[in-house]
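A short worksheet on the structure shown next.
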Amino acid sequence: MTASENASPASAQGPAPTDTRPAAERASSRPAKARQTRSFPWLGTGLAFALIVIVVLGAALWRQQQLVDAIGRESARRFNEIDSFARDAQARARQALSVSQGNTDRLAVLEAKVLESQSQQAALEQLYQELSRGEDEWTLIEVEQALAIAAQQLQLAGNVQNSIAALQVADARLARADRPQFTSVRRAIAQDLERLRSLPSVDVSGLVVKIDQLIALLDRVPLLAGVEPASAAAATAHAAPAGAAAGDEAAGSWWQRALAWWRPLRDGFVQDMRGLVRVQRVDRPEALLVSPEQGAMVRENLKLRLLNARLALLSRQEHAWQADLDAVGQALTTYFDAEAPATRSASTLLKQIRETDISIQLPTLNDSLAAVRSVLPRNAVPGAQR
Numbered sequence: 001m002t003a004s005e006n007a008s009p010a011s012a013q014g015p016a017p018t019d020t021r022p023a024a025e026r027a028s029s030r031p032a033k034a035r036q037t038r039s040f041p042w043l044g045t046g047l048a049f050a051l052i053v054i055v056v057l058g059a060a061l062w063r064q065q066q067l068v069d070a071i072g073r074e075s076a077r078r079f080n081e082i083d084s085f086a087r088d089a090q091a092r093a094r095q096a097l098s099v100s101q102g103n104t105d106r107l108a109v110l111e112a113k114v115l116e117s118q119s120q121q122a123a124l125e126q127l128y129q130e131l132s133r134g135e136d137e138w139t140l141i142e143v144e145q146a147l148a149i150a151a152q153q154l155q156l157a158g159n160v161q162n163s164i165a166a167l168q169v170a171d172a173r174l175a176r177a178d179r180p181q182f183t184s185v186r187r188a189i190a191q192d193l194e195r196l197r198s199l200p201s202v203d204v205s206g207l208v209v210k211i212d213q214l215i216a217l218l219d220r221v222p223l224l225a226g227v228e229p230a231s232a233a234a235a236t237a238h239a240a241p242a243g244a245a246a247g248d249e250a251a252g253s254w255w256q257r258a259l260a261w262w263r264p265l266r267d268g269f270v271q272d273m274r275g276l277v278r279v280q281r282v283d284r285p286e287a288l289l290v291s292p293e294q295g296a297m298v299r300e301n302l303k304l305r306l307l308n309a310r311l312a313l314l315s316r317q318e319h320a321w322q323a324d325l326d327a328v329g330q331a332l333t334t335y336f337d338a339e340a341p342a343t344r345s346a347s348t349l350l351k352q353i354r355e356t357d358i359s360i361q362l363p364t365l366n367d368s369l370a371a372v373r374s375v376l377p378r379n380a381v382p383g384a385q386r
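Letter 369 of the sequence shown, counting from 1, is numbered 369 in my numbering, and no numbers are missing.
Below you can see the structure in the form of structure tokens.
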């Protein structure tokens with residue numbers, strides 16, 4: 001290191017102060033300083049190196065501080081992102097939890113429905129097994145009910161056709177079942193069917209029509225108390241010959257004209273005289289005293305009798321049928337004119353109705369019922385056995 005280099009720090013510090021010391025003293029002090037400078041030659045280099053080190057360390061510290069700040073900012077940004085992500089994840093977790101809770105509730109409902117359907121299926125299977133085991137018993141019960149209905153129709157209403165139809169339904173039901181143990185029941189039903197088909201038939205519809213005709217005819221039957229002379233009919237009967245004689249009057253001679261004029265006059269006079277007197281036997285004199293109002297009541301009473309007879313016919317009540325028809329016949333001969341054409345027609349129609357025999361000895365269906373009840377177990381269905 002030269003003197004100029006050593007002097008540079010001093011010059012760098014500013015202008016040197018003026019030395020006011022004496023020259024001898026200054027001269028004596030310069031060698032001492034030179035000696036002192038030569039004794040520490042490395043001091044300037046150390047100072048420079050220290051300064052460089054300080055600058056490098058300062059720059060390193062500054063750089064380190066910049067890195068720390070950048071890392072802090074990045075950490076804050078990352079922390080914010082993580083916090084936002086955590087909040088989003090927490091919200092989604094809550095949503096997933098609610099969805100999971102809803103799914104759990106629905107799953108519980110579905111499990112309850114599955115258990116209910118399983119119980120219903122088990123009940124249906126049990127019922128199907130019971131029905132399969134008791135199919136023959138139910139068939140016999142249905143047949144027994146059909147036979148009971150046929151017996152009621154036969155005994156209460158006397159309706160043979162409905163009884164035959166019920167027996168045919170019962171036989172068809174047994175035929176569909178096709179069981180060997182039903183053979184005896186089908187044999188008994190076939191015998192009852194044969195007996196019912198061999199019964200004489202009664203034309204119920206025809207009798208009902210005749211009764212309705214007789215009811216309508218009662219309005220035209222004249223009362224015995226209201227019979228009048230037949231002079232009007234005689235005059236009508238001789239009107240045509242008189243007209244014919246008048247037409248031939250111009251062509252004939254005088255004696256022919258006189259004969260044509262006298263003959264209608266004579267016939268009319270004789271007819272009038274016959275109408276003045278009428279001889280008829282009346283067993284009940286009070287029949288001649290019946291007023292028109294009472295006659296209307298008699299007609300309505302006879303109509304009610306005929307309606308009762310029709311009901312007795314439909315229900316096969318022979319005694320009521322015969323009693324009502326007898327009452328109608330007696331009233332016709334007592335209160336009404338027997339010589340009138342309407343009365344004769346009514347009497348003829350009533351006679352045809354009364355000649356029809358509705359008394360038919362109807363058989364019972366006890367054999368078929370006994371056959372069914374012998375095959376049907378007593379403990380099959382409560383109340384099935386009667």
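No residue lacks a Cβ here, since even glycine has one placed at the ideal position from N, Cα and C.
Original post:
Measuring CA to CA, which of V298, K113 and R305 is closest to V221?
Top reply: Along the sequence shown, one-based indexing puts residue 221 at 221. The option with the nearest alpha carbon to V221 is V298.
**OP:** Would you identify the three-state DSSP class for L223, choosing helix, strand or coil?
**Re:** Position 223 of the sequence shown, counting from 1, holds the residue named residue 223. L223: strand per DSSP, three-state reduction.
Original post:
What are the complete alpha helix (DSSP H) segments, minimum 4 residues, inside the stretch 168-215?
Top reply: 183-197
**OP:** Return yes when the Cβ of D324 is within less than 8 Å of the Cβ of A346, no when it is not.
**Re:** Within the sequence shown, numbered from 1, the residue matching residue 346 stands at position 346. Within the sequence shown, numbered from 1, the residue matching residue 324 stands at position 324. In this structure, D324 does not lie closer than 8 Å to A346 by Cβ.
Original post:
What are the partner residues of F336, as DSSP defines its beta bridges?
Top reply: On the sequence shown, position 336 is the one that residue 336 refers to. Its beta-bridge partners are L223.
Original post:
By a C-beta neighbour count over all protein chains shown, 10 Å radius and 16 as the cutoff for buried, is Q161 buried or exposed?
Top reply: For the purposes of this step, residue 161 is taken as the residue at position 161 of the sequence shown. Exposed, by the Cβ-count rule.
Original post:
Out of L369, F79 and R195, which has the shortest C-alpha to C-alpha gap to P363?
Top reply: Within the sequence shown, residue 363 is the residue found at index 363, counting from 1. Out of L369, F79 and R195, R195 has the C-alpha closest to the C-alpha of P363.
**OP:** Would you mind stating whether L193 and I164 have Cβ atoms separated by less than 8 Å?
**Re:** Mapped onto the sequence shown, residue 193 falls at position 193. Mapped onto the sequence shown, residue 164 falls at position 164. Contact: yes.
**OP:** Could you check how far apart the C-beta atoms of A170 and V143 are, in whole angstroms? I think they sit under 8 Å.
**Re:** By one-based count along the sequence shown, residue 170 stands at place 170. By one-based count along the sequence shown, residue 143 stands at place 143. So it is a contact: roughly 5 Å between Cβ atoms.
**OP:** Output yes or no for whether 8 Å exceeds the beta carbon distance between V204 and L313.
**Re:** Mapped onto the sequence shown, residue 204 falls at position 204. Mapped onto the sequence shown, residue 313 falls at position 313. It is a contact, given that the beta carbons lie within the stated cut-off.
Original post:
In chain order, what residues of the same chain lie with their CB nearer than 7 Å to the CB of A331, ignoring the 5 residues before and after it?
Top reply: If you number the sequence shown from 1, residue 331 lands on position 331. Same-chain partners within the cutoff: V298 and L302.
Subject >> Rounded separation between V99 and A60 - CA only >> reply: Position 99 of the sequence shown holds residue 99. Position 60 of the sequence shown holds residue 60. The alpha-carbon atoms of V99 and A60 are separated by roughly 56 Å.
Subject >> Selection from L207, L154 and T139 that minimises the alpha carbon distance to Q181 >> reply: Here residue 181 corresponds to residue number 181 of the sequence shown, with the count starting at 1. Here the closest residue by C-alpha is T139.
Subject >> Cut-off 8 Å between Cβ atoms - residues of its own chain near V185, not counting five sequence neighbours on either side >> reply: Within the sequence shown, the letter at position 185 stands for residue 185. Only L140, V143, L174, S368, A371, V372 and V375 meet the Cβ criterion.
Original post:
Does the Cβ of L350 have 16 or more other Cβ atoms within 10 Å, making it buried, or fewer, making it exposed?
Top reply: Residue mapping note: residue 350 aligns to position 350 of the sequence shown, counting from 1. Answer is buried; the Cβ neighbour count reaches 16.
Original post:
For Y128, is the classification buried or exposed, using 16 other Cβ atoms within 10 angstroms of its Cβ as the cut-off for buried?
Top reply: Translated into the one-based positions of the sequence shown, residue 128 becomes position 128. So Y128 ends up on the exposed side.
**OP:** Just the C-alpha distance for L110 and Q118, rounded to the nearest angstrom, thanks.
**Re:** Indexing the sequence shown from 1 puts residue 110 at position 110. Indexing the sequence shown from 1 puts residue 118 at position 118. For L110 and Q118, the distance between alpha carbons rounds to 12 Å.
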